Amino acid sequence: MADQSYSAANFRRIWDLRTRRGEDLSTFYPAVQDASNQIRVLVAERREDLATRTLGSTDYEDCAASHDVDIKTARRKRDELLVAHLSGTSLLVNQQIDADSLSLKTVPGPVVRGKPTYTLPPDDPITYFLSRQSERNVRLALSVEAPSRSITAEQLFRTIDNQVPLMVLRTDLASFYESIPHDRLRAMLRSSDSLSRTTCRVVDSMLAESENRTGKPIGLPRGLALSAALAEAYAKQLDLLISKSQSVYLYVRYVDDIVLVLGVADQDPKVNNRLKAVSDIVHSLGLSLNPAKTFATSRPKASEPAIGFDFLGYRLTLSHTGCTADLTRSRADRYLQRLQLTFDQYRNEGGTSRSAVQLLQRLRFLTGNTRLANNKRQGLVGIYFSNSLLPGRTQILEELDAALDAHVASVAMPPAVLMAAKEMSFCDGFEKTIYHRFSSKQLRQIVRIWKFDDKA
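Residue numbers (the numbering used here): 50 to 505.
Structure representation (C-alpha cells):
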C-alpha cells in the first residue's frame, strides 16, 4: 500500500510534481520565494558574465565553476528552507488530525459554463497540502486515472468506422458533480480496504462544508482536484455495471459524457428499452440522465441519410459505409472566440512591439501544435493533436482560416508582423502538423486572456 500519511516527505513530493507542471507554490512561503528569486538572479548573472568570455577558455571554465558553486549553495539553502516550512505545515495538519478538527475550506471561483466552481484559499498551505495529499490517496487507493479525451474519442471512432450493423446510444449524466449522494460516496470510500481512514475524514470535512453551503446532502464542489478524483471513483461503479450489460460492443465515458455501442439483432429490444436499462443503472447510483443530451440510433441503411451526433468536441457522422469526423459547432466557436479575444487584446494594448510578439505567439498556438511540458502527460496538443480524428482539411477548418484572414485584414500591423500573421493557417497547421516550442512562461502569457472563457 502506498504511503498515505500527511508527512513532510509526501508534501515535498507534491511540491516537486506541481512545480514541474508550472504551478508556483512558493507564494505559500515568502522566505522560500525570496530564496528562489535569488537563485534566478544568480543564474542571470552567470549567463551575463559568461557572455563576455570566450567559450572553452580557461577563463570561461573558471568563471562558470565559480558561479556554479554560488548557485548550488543558494539552492541548498532554499531546499533547507523548504523542508523546514513543509515540516511545519505537516505538523499543523497532523495536529488537526489528532484533535479531530480537520477543515478543508473552499472559496468561490469563477462560473464556468453556467456552473459555480470553487478553489482552495490562495494563502493557505495547510488546506492546499491536505487536499492534494487526499486526492493522491484516493487516486492510488481506488485506482483512479485521469480520463484521456483523445483515447476515449478514438476508441469510439474506430469502433463505428465500419459497415457493421450497430446501435449508438449517446447520453449525459445530468449535473454529475452536483448530484453525487454524500451517503453513498462515504459508504463507497469506507468499504475500501486500501484507503486510509484519515483520508475519509478529510472527505467528510469537504462534504460537510458543501452541505452547509447548499443545504443538500449531495454534490461535490467543482474545480477541486479532490472532487475530480472522487467523482471518477464514484463513476467507476457505473462503468462496471454498464460494461457488463449484454450486447455491449463498447462503453466509453469521459467525466459525464457517455456513449454505448450495442449489437443489433432481430430479437434485440427496442431503443427505448435499451435507454431504460441504462437509466435504471444510473438511477441506482442516485444519478440521472440528461434527456436533452440523450440520443440513440442504429446505423443508417444505404437508402437512409447519414446521422450525426456530438462527442468530446467532434461531430461524428454515421453512415452505412462508416463514420466521418469534423469539429463540433461549439468547438469551432471556441476557436473563433479565442481569435476574437487575441485581436482585441492586440488592439487594446495599442499595437506595441510587445503586444505584436504576443499576438504572433497566440496565433501560432491556435493554428499550430506544441508540447505542454507541464501537462500531466507532457502531451502534444494543438490543431492536429487535439483534433486528430479529422480526415484532413474540413469545412470548419476552412471557416477558421477565413475568420483568421478577416481579422488580419482588419487591424494595422507592422509589415513583418503582417507577413508572419498571413502565413498562419489552421488547415496548414493540421495537414502539415506544424510544431512550435513555447516556454512555460510563454504558455501562461498566451492562455491568460482565455482562462475563464465561458466556452473554454
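Backbone N, C-alpha and C fix where the C-beta goes; we use that ideal spot for every residue, glycine too.
For clarity, every value in this text was computed on a predicted model and none was experimentally measured.
Determine the extent of the alpha helix (DSSP H) in which residue i is found, giving its start and end residues.
i, result
"A280", "274 to 292"
"V406", "402 to 416"
"F392", "378 to 397"
"N339", "Counting along the chain, N339 falls outside any alpha helix (DSSP H), and DSSP gives it neither H nor E."
"K121", "107 to 147"
"K490", "489 to 496"
"R62", "57 to 69"
"Q204", "198 to 209"
Which same chain residues end up closer than 7 Å to residue i when comparing Cβ atoms and leaving out the 5 residues on each side of it in sequence?
i, result
"A257", "none"
"I483", "G417, N418, D477"
"G272", "G158, T166, Y167, T168"
"Y303", "P196, R198, T201, L361"
"D306", "D221, F360, L361"
"E448", "A381"
"A470", "L409, L412, V457, M462"
"E184", "A274, L275, A278"
Do you know whose CA, among the options, lies nearest residue i's CA?
i, options, result
"L408", "L467, A374, A455", "L467"
"E110", "R95, T122, R124", "R95"
"R493", "R411, A470, I432, Q444", "R411"
"S228", "F479, S259, L238", "S259"
"R235", "E194, L279, M216", "L279"
"S54", "L324, R380, S243", "S243"
"V217", "T208, A223, T248, M237", "T208"
"F475", "F487, T443, A458", "T443"
"D288", "V331, A277, D65, P171", "V331"
"A113", "L99, R124, A123", "L99"
"A440", "E480, V142, K285, A452", "The sequence given here has Pro at residue 440, not Ala. Answer by Cα proximity: E480."
"D128", "D117, Y78, V90", "Y78"
"A179", "K293, E194, T138", "The sequence shown places Leu at residue 179, rather than the Ala named in the question. That would be T138, whose Cα lies nearest to the Cα of L179."
"N186", "I63, D172, F344, S292", "I63"
"P174", "D147, L135, D65, L390", "L135"
"S152", "Y226, D253, R497, K293", "D253"
"S328", "S347, V308, N59", "V308"
Have a look at the DSSP bridge pairing and note the partners of residue i.
i, result
"P157", "Y167"
"C372", "L367"
"D306", "D221, Y303"
"G312", "L215"
"L429", "R420"
"I175", "DSSP lists no partner for I175."
"I267", "P230"
"V92", "DSSP output for V92 lists no bridge partner at all."
"Y484", "N418"
"V297", "L311"
Excluding the 5 residues flanking residue i on each side, which residues of the same chain have their C-beta closer than 8 Å to its C-beta?
i, result
"A505", "The predicted position of A505 is uncertain, since its pLDDT is 35 and thus under 50; a value taken from the coordinates is nonetheless stated next. Cβ neighbours of A505 beyond the five flanking positions: V161, R383, W499."
"V430", "N418, T419, R420, L421, N424"
"G335", "S228, I229, P230, R233, I267"
"V132", "A57, R61"
"Q491", "Q410"
"D108", "R102"
When you compare only the Cα positions, how much space is there between residue i and residue j?
i, j, result
"T373", "D210", "8 Å"
"E281", "I120", "43 Å"
"Q569", "V310", "With the chain covering 50 to 505 only, the question about residue 569 has no answer from this structure."
"D221", "L376", "19 Å"
"L352", "M462", "Contrary to the premise, residue 352 reads as Ser rather than Leu in this sequence. Using only the alpha carbons, I get a separation of about 53 Å."
"E72", "L189", "22 Å"
"H369", "K350", "5 Å"
"S402", "D450", "24 Å"
"A355", "L367", "6 Å"
"D83", "R486", "29 Å"
"D315", "P214", "Reliability of the predicted coordinates at D315 is poor, the pLDDT of 42 falling under 50, and no value is obtained from them."
"D503", "Q386", "In this predicted model, D503 has a pLDDT of only 47, less than 50, meaning its place in the structure is not dependable enough to derive any value."
"S489", "L191", "32 Å"
"K164", "R102", "57 Å"
"G357", "R364", "6 Å"
"I495", "S333", "44 Å"
"P340", "V251", "35 Å"
"S437", "R219", "21 Å"
"S240", "R246", "11 Å"
"D454", "S404", "19 Å"
"V142", "D52", "16 Å"
"L223", "K325", "According to the sequence displayed, residue 223 carries Ala and not Leu. Between A223 and K325, the C-alpha separation is close to 15 Å."
"K126", "L290", "53 Å"
"I88", "R67", "19 Å"
Would you kindly report the start and end of the unbroken beta strand (DSSP E) that includes residue i?
i, result
"S347", "344 to 347"
"M473", "No beta strand (DSSP E) holds M473; DSSP gives it neither H nor E."
"F360", "356 to 360"
Starting from the C-beta of residue i, find all residues in its chain whose C-beta is less than 6 Å away, skip the five residues before and the five after it, and write them out in chain order.
i, result
"Y177", "L169"
"K342", "D221"
"I445", "D375, L376, A381"
"P270", "T155, Y167, S259, S276"
"Y395", "S404, L408"
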